[in-house]
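Residue numbers (this note's numbering), protein chains in the order written: chain G, 5 to 142; chain U, 209 to 454.
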């Protein structure tokens, strides 16, 4: 079966200061593996939550993650790997507190990086998720 | 055949190493040795083998540490031929960590590894680098495909268009198409795309080349501005993951 691609969108919805306008998508399901686009303070309508507030951005990102996983036939419990990008070490504690609240008892492997920047300057945090749907839930 | 995620490996004794050696190439090399010991142990768990290793992403906090860390890599993983992506990052979460490794492995190695090369014989950007490490350009592990991070370096090993990030991106996309074709795949099988640029000013020109290549089958994408890539003249890099349909 061809891979399923969810919530195709045009990047111009988010990158308003740039000329970039391409068709991308929010989630890809290849067999039982679900890949999410990096999630940020942007909601799916192009609205931005948490200007200057990394924790609020992380909260929006994790809300998006839940929606996207469920649309792809997965759920939070299936998260295997989480990659957290932040633009300043100062965001580590507030961001990880929010992520921890959303993950609850889900215990994925994870990695964190402090990067010079994300796609737009107001983005302080971005979260990449890989999930695998267990064979007995397909 | 299941994928094993081994992200976020750092030296658990990073603080002690830094106390003794400061933030230095020597400390980075020692941390890297500890990370690769940890990686080998993890790969050998649960009936796995070091031959299962498919892709590594090297995250280094200062370009000055690169030779020491890659030297430790070559010592630790001879004859495995993984694909790799190398980043210079602003920082890691542990302020004492100078190096972090993310790895993917798939049970049942050694897997198909094509376009093998020896790092010392391969220019990075304009320079050669003296460490010895055996890499390849594409690993196919069952249906999963892992590519080396692709840049403006062509397979004839020249960096094209030194100061033009869009031209580098065109070369990188052409490389990705070639490597996917090597293992019977196309861009339609891409699942994840990470685009790295070294300056926010490059992001628009690079995405305008990269993203249209995925217009038919958009991948789950992430865009990052990093401190540096394998060499200063490399302005962009893309990581593409793909899965052949079942």
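Just so it is clear, CB atoms sit at the ideal spot from N, CA and C, and this is done for glycine as well.
Checklist line | Alpha-carbon spacing of residue 338(U) relative to residue 293(U), whole angstroms | finding: 17 Å
Next item on the list: Locate the beta strand (DSSP E) running through residue 268(U), then write down its first and last residues.
Entry: 261-268
Note to self: At the level of alpha carbons, what is the spacing between residue 7(G) and residue 40(G)?
What the structure shows: 13 Å
Checklist line | residue 328(U) versus residue 218(U): straight-line alpha-carbon distance, rounded | finding: 25 Å
Check: How about residue 456(U) and residue 352(U): are their beta carbons less than 8 Å apart?
Finding: Limits of chain U in this structure are 209 at one end and 454 at the other, which puts residue 456(U) out of reach.
Checklist line | Reduced DSSP category for residue 376(U) - H, G, I as helix; E, B as strand; rest coil | finding: helix
Notebook entry, point to check: For the putative contact between residue 314(U) and residue 350(U), defined by C-beta atoms under 8 Å, what is the C-beta separation to the nearest angstrom?
Noted result: 6 Å
Note to self: Here's the rule: buried if 16 or more other CB atoms are within 10 angstroms of the residue's CB, otherwise exposed. What is residue 429(U)?
What the structure shows: buried
Notebook entry, point to check: Under a three-way DSSP split, which group does residue 440(U) fall into?
Noted result: coil
Check: Which of the residues in the region 410-428 of chain U, read from start to end, lie with their CB under 8 Å from any CB of chain G?
Finding: 411, 412, 415, 416, 419, 420, 422, 423, 425, 426, 427, 428
Item checked: Beta carbon proximity, residue 132(G) to chain U, threshold 8 Å -> yes
Margin query: Tell me the DSSP secondary structure of residue 452(U) in three-state form.
Written below: coil
Checklist line | Best match in 70(G), 100(G), 51(G) for proximity to residue 134(G) [C-alpha to C-alpha] | finding: 70(G)
Next item on the list: Show which residues of chain U have a CB atom less than 7 Å away from the CB atom of residue 103(G).
Entry: By Cβ distance, chain U contributes nothing, its closest Cβ being about 12 Å from residue 103(G), past 7 Å.
Notebook entry, point to check: Hey, which unbroken runs of the alpha helix (DSSP H) at 4 residues or more fall wholly within the region 265-333 of chain U?
Noted result: 274-284
Notebook entry, point to check: Does any residue of chain U bring its CB to less than 8 Å from the CB of residue 52(G)?
Noted result: no
Next item on the list: Figure out for me which residue from 306(U), 224(U), 267(U), 398(U) has the closest Cα to the Cα of residue 4(G).
Entry: Chain G is shown only over 5 to 142; residue 4(G) falls outside these bounds and no answer can be derived.
Next item on the list: Establish whether the CB of residue 384(U) and some CB of chain G are separated by less than 8 Å.
Entry: no
Next item on the list: State the DSSP-derived secondary structure class of residue 360(U), mapped to helix, strand or coil.
Entry: coil
Checklist line | Interface positions of the region 267-300 of chain U facing chain G (Cβ-Cβ less than 7 Å), listed along the chain | finding: 267, 297, 298, 299, 300
Next item on the list: Using only alpha-carbon positions, find the residue among 77(G), 131(G), 94(G) that is nearest to residue 139(G).
Entry: 77(G)
Notebook entry, point to check: Does DSSP classify residue 255(U) as helix, strand or coil?
Noted result: helix
Checklist line | Members of the region 67-91 of chain G that neighbour chain U once the beta carbon cut-off is set at 7 Å | finding: 84, 85, 87, 89
Next item on the list: Grab me the residues of residue 17(G)'s own chain with a C-beta within less than 7 Å of its C-beta, minus the 5 sequence neighbours each way, in chain order.
Entry: 50
Next item on the list: Return the Cβ separation of residue 406(U) and residue 434(U) in integer angstroms, given the expectation that the two are a contact with Cβ distance under 8 Å.
Entry: 6 Å
Notebook entry, point to check: For residue 432(U), which three-state DSSP category applies?
Noted result: strand
Note to self: Please return the same chain residues whose Cβ sits closer than 6 Å to the Cβ of residue 115(G), not counting the five positions on each side in sequence.
What the structure shows: 87
Next item on the list: Please list, in chain order, all residues of the same chain as residue 462(U) whose beta carbon is under 8 Å from its beta carbon, the five residues on each side excluded.
Entry: Absent from the model: residue 462(U). The displayed extent of chain U is 209 to 454, so no value can be given.
Check: If you measure beta-carbon to beta-carbon, which residues of the region 299-318 of chain U are closer than 8 Å to chain G?
Finding: 299, 300, 301, 303, 308, 310
Note to self: So that I know if they touch, is there some Cβ in chain U lying closer than 8 Å to that of residue 118(G)?
What the structure shows: yes
Item checked: Beta carbon proximity, residue 14(G) to chain U, threshold 8 Å -> no
Next item on the list: Mind listing the chain G neighbours of residue 261(U)? Cutoff is C-beta to C-beta under 9 Å, in chain order.
Entry: Within chain G, no residue comes near residue 261(U); the closest Cβ sits about 16 Å away, beyond 9 Å.
Notebook entry, point to check: Where are the beta strand (DSSP E) runs, 3 residues long or more, that stay fully inside the region 43-126 of chain G, in chain order?
Noted result: 83-90, 113-118
Check: Cβ of residue 262(U) within 7 Å of any heavy atom in the ligand GTP?
Finding: With respect to small molecules bound, the structure shown includes none, and the ligand GTP cannot be examined in it.
Margin query: Which residues in chain U have a C-beta closer than 7 Å to the C-beta of residue 135(G)? List them in chain order.
Written below: Chain U residues near residue 135(G): none, gap ~11 Å exceeds 7 Å.
Checklist line | Of the residues 215(U), 414(U), 317(U), 214(U), the one placed nearest residue 287(U), counting alpha carbons only | finding: 317(U)
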